[in-house]
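Here is the structure we will look at, set down as structure tokens.
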Amino acid sequence: MFRDEIVLKIKAGDGGSGCISFLREAKMPKGGPDGGDGGKGGDVIFIADENYNTLYHLIHRPRYVAKSGERGWGKNCSGKGGHDLVVRVPVGTLLRDLDRNALLKDLARHDDRVVVCKGGKGGRGNQHFATSTEQVPRKAEPGRPGDERRVKLELRMIADVGLVGLPNAGKSTLLSRISAARPKIADYPFTTLVPSLGIVKISDWETFVVADLPGIIEGAHQGKGLGDKFLRHIERTRIILHLVDVSPEAMMPPLEAYRVIRKELESYSPVLAGKPEILLATKTDVTGARENAAALGKKLRKKPLQVSAATGDGIKPLVRELFGTLSRKDGMD
Ligand SMILES: Nc1nc2c(ncn2[C@@H]2O[C@H](COP(=O)(O)OP(=O)(O)OP(=O)(O)O)[C@@H](O)[C@H]2O)c(=O)[nH]1
Ligand SMILES: [Mg+2]
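Numbering (our numbering), first residue to last: 86 to 418.
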């Protein structure tokens, strides 16, 4: 199951209370105050972790509470601090304070972290309250309460390239060809229900990230099929790779398929509609597909790239083209 929005209640640990105690030793009947301080409460820390793709693992706990600090002890011993509570979230998670509707942090890169709730300070023990006039202080502080908040987590995937197209266009198959990702592939529509990412590696230092999205159908912006809410994930991508199945058994003739998707992108947002798009004709191993690709190119007056994920034909030039376009864009960004 995929979750891309979730509200969590979180609370940092309370500070432990300070201790009231007096030194008692055989030869010192009137020892001074020796009550230690309470420990600090644990913080709640959110960390972006590339091993997570969704927020689903977080929904089972209604509250995230860090440990409180322990109380102080005699002999000037401070209480133990409470452990921090670490919450791991996917890269691309936005954290908002729900009650103030303020952005707390955009966890955009692996290992980005933020303390969302600070643990309460421990109270001071009575050792701190002795004065020249008060030698027997019977006073210590309580610990401070830890911060408490309701936070809204919103996941936006961060990819360089977003794959869009009708169901069955071959998006997931392509991703499995160009990256180590293993999305589900099948010959029925809406196989992909949730977006997923793959990293395309040309060399150790030349990589880019591709997002595979669920198929889009006509009327997606009105909620048809899986709707268009997934499109928000490609608002942040730099290029759209638009896949059109040009095999004769495709769901729709290529030109119509192309126009349906363009219309949905345009209805979703001008940002998406204005993104650079690379046109990709898929399944060119099927008889008649190459002719259809050529005809599509003529009608649209742009030459589509062509691939067969089945045979591997055209995959390398496609990867080079994507990388080249991203690099040229880097120069302009
Ligand atoms: N002949 C041929 N079949 C392909 C090729 N690429 C994908 N297919 C087949 O097309 C069907 C759909 O492929 P998917 O990769 O699941 O398509 P998708 O675009 O991810 O589909 P959804 O997730 O439903 O939107 C599967 O049966 C694939 O085996 C190709 O290059 N050649
Ligand atoms: Mg798919």
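In this text, a Cβ means the ideal position worked out from N, Cα and C, and glycines have one as well.
CB contact check: residue i to chain B, cutoff 8 Å
i	result
ASP398	The question asks about chain B, but that chain is absent: this structure has only one protein chain.
Exposure of residue i, with buried meaning 16 or more beta-carbon neighbours within 10 Å
i	result
MET86	With a pLDDT of 39 at MET86, under the threshold of 50, the modelled position of that residue is not reliable, and the figure given next carries that caveat. Exposed, since its Cβ has fewer than 16 Cβ neighbours within 10 Å.
PRO147	exposed
PHE275	exposed
LYS376	The sequence given here places Glu at residue 376; Lys does not occur at that position. By the neighbour-count rule (16 or more Cβ atoms within 10 Å), GLU376 is not buried but exposed.
ASN211	buried
HIS145	exposed
ALA97	buried
THR367	buried
THR322	buried
GLY399	buried
Residue i Cβ short of 7 Å to ligand 2 heavy atom set
i	result
PRO268	yes
ASP431	No information on residue 431 is available, as it lies outside the stretch 86 to 418 that the chain covers here.
Distance cut 6 Å, beta-carbon to ligand 1 heavy atom: residue list by chain order:
GLY250, PRO252, ASN253, ALA254, GLY255, LYS256, SER257, THR258, ILE270, ALA271, ASP272, PRO274, PHE275, THR276, THR277, PRO299, GLY300, THR367, LYS368, ASP370, VAL371, SER393, ALA394 and ALA395
Ignoring anything shorter than 4 residues, give me the alpha helix (DSSP H) runs that lie fully in the segment 326 to 399, in order along the chain.
339 to 353, 355 to 358 and 374 to 385
Could you check whether the segment 304 to 313 touches the segment 207 to 227, counting it as contact only if at least three pairs of C-beta atoms, one from each stretch, sit closer than 8 Å?
no
Taking 8 Å as the cut-off, does the segment 343 to 351 touch the segment 395 to 415 (at least 3 CB pairs, one atom from each stretch)?
no
Counting beta carbon pairs with one atom in the segment 221 to 229 and one in the segment 111 to 126, are three or more of them shorter than 8 Å?
yes
If you scan the segment 205 to 276 from start to end, which runs of the beta strand (DSSP E) of 3 or more residues do you find wholly inside it?
233 to 240 and 246 to 249
Do three or more CB pairs link the segment 255 to 262 to the segment 122 to 131 at distances below 8 Å?
no
Give, in chain order, every unbroken run of the alpha helix (DSSP H) that is at least 4 residues long and sits entirely within the segment 129 to 214.
none
Count the C-beta pairs between the segment 329 to 348 and the segment 364 to 375 that are closer than 8 Å, then say yes if the count reaches three, no if not.
yes
Quick check: the segment 374 to 391 against the segment 272 to 292, are at least 3 beta-carbon pairs closer than 8 Å?
no
Between the segment 144 to 162 and the segment 93 to 113, are three or more C-beta pairs nearer than 8 Å?
yes
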